[in-house]
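Single-structure report; data block below.
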Amino acid sequence: MKMNKNMVITSLLLIAGLVVLFSPRFVVAASGAWTLQTLDPSQVYATSIALDTDGHSHISYCDESKNLKYIYWDGSSWVGETVVADGNVGQHTSLALDSANYPHIIYYDSTSRVLQYVHWTGSNWASETVDNTAGVGRFPFLVLDNSDHPHISYTDDTHSTLRYARWTGASWVIETVDDVDDGAYWTSIVLDSDGYPHISYQDYHDHYDLKYARWTGSAWNISVVDSADEVGWSSSIALDSNEYPHISYYDGTNQDLKYAHWTGTSWVIESVDSDGRVGTYTSIALDNNDRPHISYAYSSATHTDNALKYARWTGTAWVKETVESGFTEEVGAASLVLDSKGYPHISYATFGEGSLHYAFVPVPFSWNLFLPAITKSREK
């Protein structure tokens, strides 16, 4: 994405005026060789990734100073900047790209406790408050429709409800989707071919159920997908070519990664990975054959070998692999997207020790990809 021709090569993070470069690491696994990069060594709390029409990655995230940041690959280097540095922002963030490859980001303003929206116009960042009701905006998820209008699912902590907001082109329309007992957490949203929203979320606290809501064109249809034990954490949703929902999520009781999909008549639910405490911070995407790909976190019993993992359905079996391991802090805030060839790109963070990480499988697979994580920033 070309936002400004006058670029100055800098590091992503300037520490005491020093330029810091981060070299990639490589891991061989079932999907080929993962290229691993550390893009920001500071404490990171949230990430969200999207690909532009050239297949280049764009990531929004929250850094150790609780600033909202944005970074993207322009084909030769990483370009990054601070988008919002006013108060405690960005701990809940979601990113989408419009038809011009411009970024749109929603985030929770923890200082004001409201939902905020910012987007790049081509020359500057334009920002506004989506919902100024006190105590709203956590667990937000953003998608854009065919007119590049944003649609957002999020939590209303004040009223313990699931909310949905959409931009009409002139104003925001905000409505309550589900009035749950103690909050609707871990929301994820996708639009069907009619532009109707489908949302997965957790009915928190009293039930810990995985729920699914879809707009029919006249009303919200709400169903419980999984109510066995305490489930629904880290839900992530995608629609297949039949517009049937597929949802990945964490089973907190059994500490497993679970996956549910709608066949047209019923939900099919299965455990994808049950090896240890595994399945937090899930993110799902479907390839061109409607086969699910899921990124998720693994926590070792001793917390000396925590990892980011990745599972994909081949059509007959699940292939599971470790993307990166050896972390002594929890891995989380993972966000997954597939490129046009079906290859995964994942942004993720390590809590405690910090760092924004990025992993991908090169297309085509090659070892000749020793690309430094150099970044450029726009001249102000």
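If you want my numbering, it's the position in the sequence shown, counting the first as 1, plus 3. We put the CB at the ideal spot given by N, CA and C, even for glycine.
Task: the stretch 223-230 in contact with the stretch 187-199 per 3-pair CB rule at 8 Å - done: No: fewer than three Cβ pairs fall under 8 Å.
Task: Straight-line Cα distance separating residue 40 from residue 261 - done: As a first step, residue 261 is located in the sequence shown; it is residue number 258 there, counting from the start. As a first step, residue 40 is located in the sequence shown; it is residue number 37 there, counting from the start. Using only the alpha carbons, I get a separation of about 28 Å.
Task: residue 80 Cβ short of 7 Å to the ligand SAH heavy atom set - done: This structure lacks the ligand SAH; in fact it carries no ligand of any kind.
Open item on the list: According to DSSP, simplified to helix, strand and coil, what is residue 106?
Closed with: Within the sequence shown, residue 106 is the residue found at index 103, counting from 1. DSSP places residue 106 in strand when its eight states are reduced to three.
TODO: Check whether the Cβ atoms of residue 287 and residue 244 sit closer than 8 Å, and answer yes or no.
DONE: As a working note, residue 287 is residue 284 in the sequence shown. As a working note, residue 244 is residue 241 in the sequence shown. It is not a contact, given that the beta carbons lie outside the stated cut-off.
Task: Neighbourhood of residue 251 by C-beta, 6 Å cutoff - its chain only, sequence neighbours within 5 removed - done: Indexing the sequence shown from 1 puts residue 251 at position 248. Hits under 6 Å: 239, 262, 285, 287 and 297.
Task: Whether residue 336 touches residue 310 by CB criterion (8 Å) - done: Residue numbering aside, residue 336 sits at position 333 when the sequence shown is read from its first letter. Residue numbering aside, residue 310 sits at position 307 when the sequence shown is read from its first letter. Their beta carbons are not under 8 Å apart, which means residue 336 does not touch residue 310 by this criterion.
Open item on the list: Between residue 167 and residue 180, how many whole angstroms is the CB-CB distance? I'm expecting something under 8 Å.
Closed with: The residue labelled residue 167 in the question sits at position 164 within the sequence shown. The residue labelled residue 180 in the question sits at position 177 within the sequence shown. Correct: roughly 5 Å between the Cβ atoms.
TODO: Could you check the C-alpha separation between residue 137 and residue 205 for me, to the nearest Å?
DONE: Locating residue 137 in the sequence shown gives position 134, where the first residue counts as 1. Locating residue 205 in the sequence shown gives position 202, where the first residue counts as 1. Straight-line spacing of the CA atoms in residue 137 and residue 205 works out to 21 Å.
Open item on the list: Can you tell me whether residue 182 is helix, strand or coil according to DSSP?
Closed with: Numbered from its first residue, the sequence shown carries residue 182 at position 179. Of the three classes helix, strand and coil, the one that applies to residue 182 here is strand, per DSSP.
Open item on the list: Quick check: what's the CA-CA separation for residue 231 versus residue 185?
Closed with: Here the question's residue 231 lines up with position 228 in the sequence shown. Here the question's residue 185 lines up with position 182 in the sequence shown. Those two C-alpha atoms are separated by around 18 Å.
Open item on the list: I'd like the list of long-range same chain contacts for residue 191, defined as Cβ closer than 6 Å, with 5 residues on each side in sequence excluded.
Closed with: Here residue 191 refers to the residue found at position 188 when the sequence shown is read from its first residue. Excluding residues within five positions, the ones whose Cβ falls inside 6 Å are 144, 203, 238, 239 and 240.
Task: Nearest-angstrom Cα separation, counted from residue 331 out to residue 355 - done: What you label residue 355 is simply residue 352 of the sequence shown in a count that begins at 1. What you label residue 331 is simply residue 328 of the sequence shown in a count that begins at 1. Those two C-alpha atoms are separated by around 9 Å.
Task: Buried/exposed call for residue 283, threshold 16 Cβ in 10 Å - done: Looking up residue 283 in the sequence shown gives position 280. So residue 283 counts as buried.
TODO: Hey, could you find the ends of the beta strand (DSSP E) residue 237 is sitting in?
DONE: By 1-based counting over the sequence shown, the position of residue 237 is 234. Annotation for residue 237: the continuous beta strand (DSSP E) segment containing it runs 234-242.
Open item on the list: Bridge partners for residue 275 per DSSP, in chain order?
Closed with: Stepping through the sequence shown from its first residue, residue 275 is reached at position 272. DSSP output for residue 275 lists no bridge partner at all.
- [ ] Thinking residue 346 and residue 364 are a contact (beta carbons under 8 Å), I'd like their distance in whole angstroms, please.
- [x] Within the sequence shown, the letter at position 343 stands for residue 346. Within the sequence shown, the letter at position 361 stands for residue 364. Correct: roughly 5 Å between the Cβ atoms.
Task: residue 69 (DSSP reduced to helix, strand or coil) - done: Taking the sequence shown and counting its residues from 1, one reaches residue 69 at position 66. In the structure shown, residue 69 sits in coil (DSSP, three-state: anything other than H, G, I, E or B).
- [ ] In angstroms with no decimal places, state the Cα-to-Cα distance between residue 307 and residue 208.
- [x] For this step, residue 307 is matched to residue 304 along the sequence shown. For this step, residue 208 is matched to residue 205 along the sequence shown. The straight-line gap from Cα to Cα measures roughly 30 Å.
Open item on the list: Just to confirm the assignment: which complete beta strand (DSSP E) runs, minimum length 3, are found wholly within the stretch 259-333?
Closed with: If we require 3 residues or more, the beta strand (DSSP E) runs fully inside the stretch 259-333 come out as 259-265, 270-276, 280-289, 295-302, 309-316 and 321-330.
Task: Identity of the residue in 170, 100, 278 and 67 nearest residue 51 by Cα - done: Counted from its first residue, the sequence shown places residue 51 at position 48. The alpha carbon of residue 51 has as its nearest neighbour, out of 170, 100, 278 and 67, the alpha carbon of 100.
Open item on the list: Check this for me: beta carbons of residue 93 and residue 49, under 8 Å apart or not?
Closed with: For the purposes of this step, residue 93 is taken as the residue at position 90 of the sequence shown. For the purposes of this step, residue 49 is taken as the residue at position 46 of the sequence shown. Taking 8 Å as the Cβ cut-off, residue 93 and residue 49 qualify as a contacting pair.
Task: DSSP bridge partner residues for residue 175 (one or two, in chain order) - done: Against the sequence shown, residue 175 aligns to sequence position 172. Under DSSP, residue 175 shares a beta bridge with 170.
- [ ] Please state whether DSSP places residue 25 in a helix, a strand or coil.
- [x] As a first step, residue 25 is located in the sequence shown; it is residue number 22 there, counting from the start. For residue 25, the predicted structure reports a pLDDT of 44, less than 50, and the residue's modelled location is therefore unreliable. A value from the coordinates is still provided. Reduced to three states, the DSSP call for residue 25 is coil.
TODO: Between the Cα of residue 348 and those of 46, 358, 45 and 313, spot the shortest distance and give me the residue it belongs to.
DONE: Residue 348 sits at position 345 when you count from the first residue of the sequence shown. Taking each of 46, 358, 45 and 313 in turn and checking the Cα distance to residue 348, the smallest one comes out for 313.
- [ ] Can you have a look at residue 362 and say buried or exposed, based on whether 16 or more other CB atoms are within 10 angstroms of its CB?
- [x] Looking up residue 362 in the sequence shown gives position 359. Buried.
- [ ] Quick one: using the 10 Å Cβ neighbour count with 16 as the cut-off for buried, is residue 72 buried or exposed?
- [x] Looking up residue 72 in the sequence shown gives position 69. The residue is buried, with at least 16 neighbouring Cβ atoms inside 10 Å.
Task: Simplified DSSP assignment, three categories, for residue 365 - done: Looking up residue 365 in the sequence shown gives position 362. It is coil, neither helix nor strand.
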